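Visitor: Chains as they are written, first to last, in this note's numbering: chain A, 6 to 126; chain B, 4 to 139.
Dropping the structure in here first, questions after.
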């Protein structure tokens, strides 16, 4: 059975390394042909916000939004926990069009399907 | 089933640095238990987890993470450390050595190989389970 990886990101970008580190894993996995899905929940939903500025002028970090688009281009799915987003005032229209807003039930389904191989950052 | 058991593979992604949390100690203990039960064990040090592979650790009151990694390696665990994270933290001292299949570092124990993130992808491919320590 083909391997499937789930990368769950729970920290917002820039303040911690976690979101970048999770996206690097997802990109490496996708570029090696593994079916990969990213879940953004808790503070990780801020990663999905569109229009994030190139951050070279701030922290010398790559653009998390560019990484997000690279993941989608490589065939990865990026699921945003709609409850976590709503709690933080983030609307679907505030986010990059490449992400999918999903309910808790849909998240549970993804975790059941992919959860044996899951990393959390 | 004909008395043949298939060895299962556990991969541990360690994100936590030693001594600031108990994650590395717990990861090593889980690895030891899995090895003792016949699992194949891989460990990938990522983010601040790369500090776990540093030489000459001498904690006065805590479990020695360096010794723990040496012990699980001796039992058969494969331990890789992310090259990007290691370079950022000053551990990488040259180009990748094709013969040794590692980036050189005089600061990291021999049991830990500094390797690209693709090493983790290879671990994923052969794993039945992945556990993350230190991501939260």
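Ideal placement from N, C-alpha and C gives every residue a C-beta, glycine not left out.
Quick caveat, the model's predicted, so the values are computed rather than measured.
Once you ignore the five residues that flank residue 55 of chain A on each side, which residues in its own chain have a CB closer than 7 Å to its CB?
Guide: Residue 55 of chain A sits at position 50 when you count from the first residue of the first chain. The answer, listed in chain order, is 70, 99, 100 and 101.
Visitor: I'd like the span of the alpha helix (DSSP H) that includes residue 98 of chain A, first residue to last.
Guide: Numbered from 1 along the first chain, position 93 holds the residue referred to as residue 98 of chain A. Run containing residue 98 of chain A: none; DSSP gives neither H nor E here.
Visitor: So, under 8 Å CB-CB, residue 122 of chain B and residue 47 of chain B are touching, yes? Tell me the CB distance rounded to an integer number of Å.
Guide: For the purposes of this step, residue 122 of chain B is taken as the residue at position 119 of the second chain. For the purposes of this step, residue 47 of chain B is taken as the residue at position 44 of the second chain. Between residue 47 of chain B and residue 122 of chain B the Cβ distance is about 7 Å, and since that is below 8 Å, they are a contact.
Visitor: Please confirm whether residue 22 of chain A has its beta-carbon closer than 8 Å to some beta-carbon of chain B.
Guide: By one-based count along the first chain, residue 22 of chain A stands at place 17. Yes, because at least one Cβ of chain B sits closer than 8 Å to the Cβ of residue 22 of chain A.
Visitor: Beta strand (DSSP E) containing residue 18 of chain B: first to last residue?
Guide: Counting from 1 along the second chain, the entry for residue 18 of chain B is found at position 15. Neither: residue 18 of chain B is in no beta strand (DSSP E) and is coded neither H nor E.
Visitor: If residue 72 of chain B and residue 114 of chain B are in contact, beta carbons under 8 Å, what's the gap, nearest whole angstrom?
Guide: On the second chain, position 69 is the one that residue 72 of chain B refers to. On the second chain, position 111 is the one that residue 114 of chain B refers to. Indeed, because the Cβ distance is near 6 Å, the residues count as touching under 8 Å.
Visitor: Run the CB neighbour count on residue 34 of chain A, radius 10 Å, all protein chains shown included, and call it buried at 16 or more, exposed below.
Guide: Counted from its first residue, the first chain places residue 34 of chain A at position 29. So residue 34 of chain A counts as buried.
Visitor: Identify every residue that forms a DSSP beta bridge with residue 100 of chain B.
Guide: Within the second chain, residue 100 of chain B is the residue found at index 97, counting from 1. Note: residue 100 of chain B sits in a beta bridge opposite B/105.
Visitor: Using the Cβ count rule (16 or more neighbours within 10 Å means buried), how would you classify residue 109 of chain A?
Guide: Along the first chain, one-based indexing puts residue 109 of chain A at 104. Exposed, because fewer than 16 other Cβ atoms sit within 10 Å of the Cβ of residue 109 of chain A.
Visitor: Do residue 58 of chain B and residue 110 of chain B have their CB atoms nearer than 8 Å?
Guide: In the second chain, residue 58 of chain B corresponds to position 55, counting from 1. In the second chain, residue 110 of chain B corresponds to position 107, counting from 1. Against a cut-off of 8 Å, the Cβ pair of residue 110 of chain B and residue 58 of chain B comes out as a contact.
Visitor: Quick one: what does DSSP say residue 3 of chain A is sitting in, helix, strand or coil?
Guide: Beyond the ends of chain A as shown, which are 6 and 126, falls residue 3 of chain A; an answer cannot be given.
Visitor: Which class does residue 23 of chain A belong to by DSSP, given the choice of helix, strand or coil?
Guide: Your numbering for residue 23 of chain A matches position 18 in the first chain. DSSP places residue 23 of chain A in helix when its eight states are reduced to three.
Visitor: Please list, in chain order, the chain B residues whose beta carbon lies closer than 8 Å to that of residue 90 of chain A.
Guide: Taking the first chain and counting its residues from 1, one reaches residue 90 of chain A at position 85. Per Cβ cutoff of 8 Å: no residues; residue 90 of chain A is ~19 Å from chain B at best.
Visitor: Does residue 40 of chain A come out as helix, strand or coil in the three-state DSSP assignment?
Guide: Walking along the first chain from the start, residue 40 of chain A turns up at place 35. Residue state, collapsed to three classes: strand.
Visitor: My guess is that residue 21 of chain B and residue 55 of chain B are in contact by the Cβ rule of under 8 Å, so how many angstroms apart are they, rounded?
Guide: Here residue 21 of chain B is taken as the residue at index 18 of the second chain, counted from 1. Here residue 55 of chain B is taken as the residue at index 52 of the second chain, counted from 1. With 8 Å as the limit, residue 21 of chain B and residue 55 of chain B qualify as a contact, their Cβ atoms being about 5 Å apart.
Visitor: Below 8 Å, how does it come out for the stretch 107-126 of chain A and the stretch 83-99 of chain B: are there three or more Cβ pairs, yes or no?
Guide: Segments in contact, no.
Visitor: Where does the unbroken beta strand (DSSP E) through residue 132 of chain B begin, and where does it stop?
Guide: Stepping through the second chain from its first residue, residue 132 of chain B is reached at position 129. Counting along the chain, the beta strand (DSSP E) containing residue 132 of chain B begins and ends at 132-136.
Visitor: Starting from the C-beta of residue 8 of chain A, find all residues in its chain whose C-beta is less than 8 Å away, skip the five residues before and the five after it, and write them out in chain order.
Guide: Position 3 of the first chain, counted from the first residue, corresponds to residue 8 of chain A. 39, 40 and 122.
Visitor: Helix, strand or coil for residue 113 of chain A, going by three-state DSSP, please let me know.
Guide: Numbered from its first residue, the first chain carries residue 113 of chain A at position 108. Note: residue 113 of chain A maps to helix in three-state DSSP.
Visitor: Using a Cβ cut-off of 9 Å, pull out every chain A residue sitting near residue 130 of chain B, in sequence order please.
Guide: As a working note, residue 130 of chain B is residue 127 in the second chain. Those are 8, 121 and 122, listed as they occur along chain A.
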